[in-house]
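Chemist: Every letter in the sequence shown is one number past the one before it in full-length UniProt numbering, and letter 429, counting from 1, is 429. Note that the Cβ used here is the ideal one computed from N, Cα and C, for glycine as well. It should be emphasised that the depicted structure is a prediction, and the values quoted were computed from it without experimental measurement.
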Amino acid sequence: MKKKYLSTIRFNRFNLSAVKIRTRILALFLILITAAIAIVTGVTYTVGKDNLENMISNQLNNSVRSIANQISLLNSAYSSKEFSRKLNYVLTSELSSYKRAGYDTDIYLLHADGTFVDITNTNRKTDKKANLPDNLLKSAIKEKRGSMKIKLDGNDVTVAFGYILEKDWVYAVSVKKASYLKLLYKLQFISLISGVICIFLAFGLNMLGTRGIINSIKKISNTVVAAGNGALSVRSSASHGGPEISNLSNSLNLMLANFQKLLGEIGTSIGELNASSIELNQISKITDCSTSYIRELTHKMSNKYEEQNSFATQIAESATQLIKTIEKVIQKVNLTAELSQLMINSVLEGLKTIKELNGYMGEIELVSKQIVDFVNILDNKSNEIHKVTSTIKNISGQTKLLSLNASIEAARAGETGQGFMVVAHEIQNLAYSSAVSAIEVEEIVKDIKTNMDAVLKIAEHGRNVSYKGSEMANVTDITFNDILNKVSETHKNVKDISYKANHISENIKQFEINSDKILSIINQMAASSQEVAAEVEKHHSISGSVIVNSENILSVAAKFEQLKKLFSTD
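Shown next as structure tokens:
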């Protein structure tokens, strides 16, 4: 009993350890999600920043190239006064387009020496000098086109420049870095908020999804271990985790109730068997004394016929009573054997239910794997969407370039091209909106991929929970097999008792037959006194065998009582 108690303590410690492991796994799961969100956010910011800076740089270079070409065309097409008016219109329109896009932009039209060009009168010289560095002006004159990142008035700016050879001018556009990174900052903040929400949702769904199943399996395991240690009055209260868990719990409780009833019947049978064995032993001793006495009386049979006849009758009655007692014992033993067989059937039914539970756990594992496969398919679709948005951005860039060329042609057409120029500007705005929408779609796809990664982690955790349930079901299966072995041993002992009781019954029936012969011999006392003496001697031997067999029955009953004490039914 001490060993069983220690094994119960070890099992309980294992339960506490399992809860701690579950907590550590959940903590690790949250850390991994947080790290993944941080990495994705960082990579999104870095890649998005680089792409956005490249896009802004390309947009500025295209704009500078377009404006420089327009200025060259205007210079050759108009007089000085008309040129100044058209130049003012082109530069004002360009600056407005940047402002509408949300960029903090400055436009510079400079002479080669760095002084501003008076766009109201291009022939007039001004002394106001731009705050652009000299190396930028030198690069513009030398390289004709280009861009660079510099600091102006303490702000990081991207500057695109172009050299207008016909006028010896430098045209430059500067955009503050903070103005075009606003959208990226907003998307980064939205990604962080979405990640935090996903963490809380994953945590809550994990706790809700696994708590009922794990607690129910623990209750069933504790009940089985208690039954294995002999406490048959303990019942499983598991009711969560699905109909399979409930059926397993109900089957276990029914099996324990049947086993408890069986032990009660066995206890009653043991008591009756013990009482019958004591009675049989007493009768056997009386019979032995009687046969000894008869053996002495055979020498005086001729003078004490009536007394011998009385003793012979007593022997016959004792044999009859003994046979009835043995038959009653045999009936109780057979009933005990039937109950033990019923217990074995109940245990086998429990083992069958556990195997079904293992099957359901396998199905849970298969569903988790299918979820992982579906998430991988969605990830591939997200990559295809990314390719489409890249194509849209390229098309929008080409559309904007075409709109700029259309603006140039409209400007060349003069007053008749004003309506066409408005259409060209609208096409340019539409191209810009398409590029911005493509960027937003890319960011949304990235958020979707982040959420799919979180779903993938949750599915993998569900698969791990199904592994844990399979392990607990295996522990329950081992305990059921232990119970089956004990009940089978009990059934074997009951069969042995039945065999010995039948053997005793046969001996007593033989004793009864011999008693009838004694009566017949007594009636023929005068002619067969020697034969009676021999029969009495034979009966004496049989009564000794009955005493030995009755003592064997008492020994078997004591062993049966010790087996019963291994189980508690209170």
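Which residue marks the beginning of the beta strand (DSSP E) containing aspartate 106, and which one marks its end?
Modeler: Within the sequence shown, the letter at position 106 stands for residue 106. First-last of the beta strand (DSSP E) with aspartate 106: 105-111.
Chemist: Quick check on this structure: which residue in Ala36, Tyr467, Ile513, Val43 has the alpha carbon closest to the alpha carbon of residue 571?
Modeler: Examination of residue 571 is not possible in this model, given that the chain is present from 1 through 570 alone.
Chemist: Look at the alpha carbon of valine 422 and the alpha carbon of aspartate 453, and state the distance between them as a whole number of angstroms.
Modeler: For the purposes of this step, residue 422 is identified with residue 422 of the sequence shown, where counting begins at 1. For the purposes of this step, residue 453 is identified with residue 453 of the sequence shown, where counting begins at 1. Looking at the two C-alpha atoms, the distance is approximately 47 Å.
Chemist: Figure out for me which residue from Glu460, Thr389, Glu415, Glu143 has the closest Cα to the Cα of valine 367.
Modeler: For the purposes of this step, residue 367 is taken as residue 367 along the sequence shown, with counting starting at 1. Of Glu460, Thr389, Glu415, Glu143, the residue nearest in Cα terms is Glu460.
Chemist: Exposed or buried, what is isoleucine 478 when buried is set at 16 or more other beta-carbons lying within 10 Å of its beta-carbon?
Modeler: Residue 478 sits at position 478 when you count from the first residue of the sequence shown. With fewer than 16 Cβ atoms within 10 Å of its Cβ, isoleucine 478 is classed as exposed.
Chemist: Verify whether the separation of the beta carbon atoms of isoleucine 164 and isoleucine 107 is less than 7 Å.
Modeler: Within the sequence shown, numbered from 1, the residue matching residue 164 stands at position 164. Within the sequence shown, numbered from 1, the residue matching residue 107 stands at position 107. Isoleucine 107 is positioned such that its CB atom lies no closer than 7 Å to that of isoleucine 164.
Chemist: Roughly how many angstroms separate the alpha carbons of glutamate 94 and isoleucine 193, rounded to a whole number?
Modeler: As a working note, residue 94 is residue 94 in the sequence shown. As a working note, residue 193 is residue 193 in the sequence shown. So the two alpha carbons sit approximately 37 Å from each other.
Chemist: Apply the 10 Å Cβ neighbour rule to residue 627 and answer buried if 16 or more other Cβ atoms are within range, or exposed otherwise.
Modeler: Outside the displayed range of the chain (1 to 570) lies residue 627, so it cannot be described from this structure.
Chemist: Kindly indicate which three-state DSSP category isoleucine 371 falls into: helix, strand or coil?
Modeler: As a first step, residue 371 must be located in the sequence shown, where it is residue number 371. Isoleucine 371 falls in the helix class under three-state DSSP.
Chemist: Which partner residues of arginine 145 appear in the DSSP bridge assignment?
Modeler: In the sequence shown, the residue the question calls residue 145 occupies position 145. DSSP lists Gly162 as partners of arginine 145.
Chemist: Hey, is the region 177-193 in contact with the region 110-123, meaning 3+ C-beta pairs nearer than 8 Å?
Modeler: No, they do not touch.
Chemist: For a test of the three-state rule: what should DSSP assign to alanine 101, helix, strand or coil?
Modeler: As a first step, residue 101 must be located in the sequence shown, where it is residue number 101. Looking at alanine 101 - three-state DSSP - the assignment turns out to be coil, as it is neither helix nor strand.
Chemist: With DSSP collapsed to three states, give me the class of lysine 400.
Modeler: In the sequence shown, residue 400 corresponds to position 400, counting from 1. Three-state DSSP puts lysine 400 in a helix.
Chemist: Report yes if the CB atom of serine 340 is closer than 7 Å to the CB atom of threonine 476, and no otherwise.
Modeler: Within the sequence shown, numbered from 1, the residue matching residue 340 stands at position 340. Within the sequence shown, numbered from 1, the residue matching residue 476 stands at position 476. It is not a contact, given that the beta carbons lie outside the stated cut-off.
Chemist: Buried or exposed: where does asparagine 54 fall if 16 or more other Cβ atoms within 10 Å of its Cβ makes it buried?
Modeler: Locating residue 54 in the sequence shown gives position 54, counting from the first residue. Its Cβ having fewer than 16 others within 10 Å, asparagine 54 is exposed.
Chemist: Should glycine 195 go down as buried or exposed, given a rule of 16 or more other Cβ atoms within 10 Å for buried?
Modeler: Start at 1 with the first residue of the sequence shown, and residue 195 comes out as number 195. Burial call: buried.
Chemist: Measuring only the C-alpha atoms, how far is phenylalanine 374 from asparagine 380?
Modeler: As a first step, residue 374 must be located in the sequence shown, where it is residue number 374. As a first step, residue 380 must be located in the sequence shown, where it is residue number 380. Cα to Cα, phenylalanine 374 sits roughly 10 Å from asparagine 380.
Chemist: When the Cα of glutamine 59 is compared with those of Thr399, Val225, Ile458, Leu248, which residue comes out closest?
Modeler: Numbered from 1 along the sequence shown, position 59 holds the residue referred to as residue 59. Out of Thr399, Val225, Ile458, Leu248, Thr399 has the C-alpha closest to the C-alpha of glutamine 59.
Chemist: If you draw a straight line from the alpha carbon of asparagine 552 to that of valine 487, how long is it in whole angstroms?
Modeler: As a first step, residue 552 is located in the sequence shown; it is residue number 552 there, counting from the start. As a first step, residue 487 is located in the sequence shown; it is residue number 487 there, counting from the start. C-alpha separation (whole angstroms): 22 Å.
Chemist: What distance in whole Å lies between the Cβ atoms of serine 470 and asparagine 358, which are believed to be in contact at a cut-off of 8 Å?
Modeler: In the sequence shown, the residue the question calls residue 358 occupies position 358. In the sequence shown, the residue the question calls residue 470 occupies position 470. With a Cβ gap of about 6 Å, asparagine 358 and serine 470 count as contacting.
Chemist: State the beta-bridge partners of phenylalanine 189 as determined by DSSP.
Modeler: Along the sequence shown, read from residue 1 onward, the residue named residue 189 stands at position 189. DSSP, once it has assigned bridges, lists no residue as partnering phenylalanine 189.
Chemist: Look at the alpha carbon of isoleucine 497 and the alpha carbon of serine 233, and state the distance between them as a whole number of angstroms.
Modeler: As a working note, residue 497 is residue 497 in the sequence shown. As a working note, residue 233 is residue 233 in the sequence shown. The straight-line gap from Cα to Cα measures roughly 28 Å.
Chemist: Alpha carbon to alpha carbon, how far is lysine 81 from lysine 186?
Modeler: Residue mapping note: residue 81 aligns to position 81 of the sequence shown, counting from 1. Residue mapping note: residue 186 aligns to position 186 of the sequence shown, counting from 1. Cα to Cα, the separation comes out at about 46 Å.
Chemist: Between the region 73-80 and the region 130-142, do at least 3 Cβ pairs fall closer than 8 Å?
Modeler: no
Chemist: Per the DSSP calculation, serine 179 is bridged to which residue(s)?
Modeler: Counted from its first residue, the sequence shown places residue 179 at position 179. Beta-bridge pairing links serine 179 to no other residue.
Chemist: Excluding the 5 residues preceding and the 5 following serine 237 in the sequence, name in chain order all residues of the same chain whose CB lies nearer than 8 Å to its CB.
Modeler: Numbered from its first residue, the sequence shown carries residue 237 at position 237. Hits under 8 Å: Lys219, Ser249.
Chemist: Just to confirm, is the Cβ distance from threonine 41 to serine 191 under 7 Å?
Modeler: If you number the sequence shown from 1, residue 41 lands on position 41. If you number the sequence shown from 1, residue 191 lands on position 191. Yes, the Cβ-Cβ distance between threonine 41 and serine 191 is below 7 Å.
Chemist: Spatial neighbours of aspartate 482 within its chain, please: CB distance less than 7 Å, with the 5 preceding and 5 following residues excluded, ordered by chain position.
Modeler: Position 482 of the sequence shown, counting from 1, holds the residue named residue 482. Here the set comprises Gly228.
Chemist: Look at the alpha carbon of isoleucine 542 and the alpha carbon of leucine 348, and state the distance between them as a whole number of angstroms.
Modeler: Within the sequence shown, the letter at position 542 stands for residue 542. Within the sequence shown, the letter at position 348 stands for residue 348. Each residue's CA atom was taken as its position, placing isoleucine 542 and leucine 348 some 44 Å apart.
Chemist: With DSSP run on the structure shown, which of helix, strand or coil describes valine 441?
Modeler: Here residue 441 refers to the residue found at position 441 when the sequence shown is read from its first residue. Note: valine 441 maps to helix in three-state DSSP.
Chemist: Measure the CB-CB distance between asparagine 281 and serine 550 and report whether it falls below 7 Å.
Modeler: Taking the sequence shown and counting its residues from 1, the one referred to as residue 281 is at position 281. Taking the sequence shown and counting its residues from 1, the one referred to as residue 550 is at position 550. For asparagine 281 and serine 550, yes; Cβs fall inside 7 Å.
Chemist: Consult DSSP for threonine 115 and reduce its assignment to one of helix, strand or coil.
Modeler: Locating residue 115 in the sequence shown gives position 115, counting from the first residue. It is a strand residue.
Chemist: In the DSSP output, which residue or residues are listed as bridge partners for asparagine 155?
Modeler: Along the sequence shown, read from residue 1 onward, the residue named residue 155 stands at position 155. Paired residue(s): Leu152.
Chemist: Taking only the alpha-carbon atoms, compute the straight-line gap between isoleucine 547 and lysine 285 and give it to the nearest angstrom.
Modeler: Within the sequence shown, the letter at position 547 stands for residue 547. Within the sequence shown, the letter at position 285 stands for residue 285. Cα-Cα distance, rounded: 7 Å.
Chemist: By a C-beta neighbour count over all protein chains shown, 10 Å radius and 16 as the cutoff for buried, is alanine 160 buried or exposed?
Modeler: Within the sequence shown, numbered from 1, the residue matching residue 160 stands at position 160. So alanine 160 counts as buried.
Chemist: CB-CB under 8 Å to histidine 503, same chain, minus the five flanking residues each way: which ones, in chain order?
Modeler: Start at 1 with the first residue of the sequence shown, and residue 503 comes out as number 503. Once the five neighbours on either side are set aside, the close Cβ partners of histidine 503 are Asn549.
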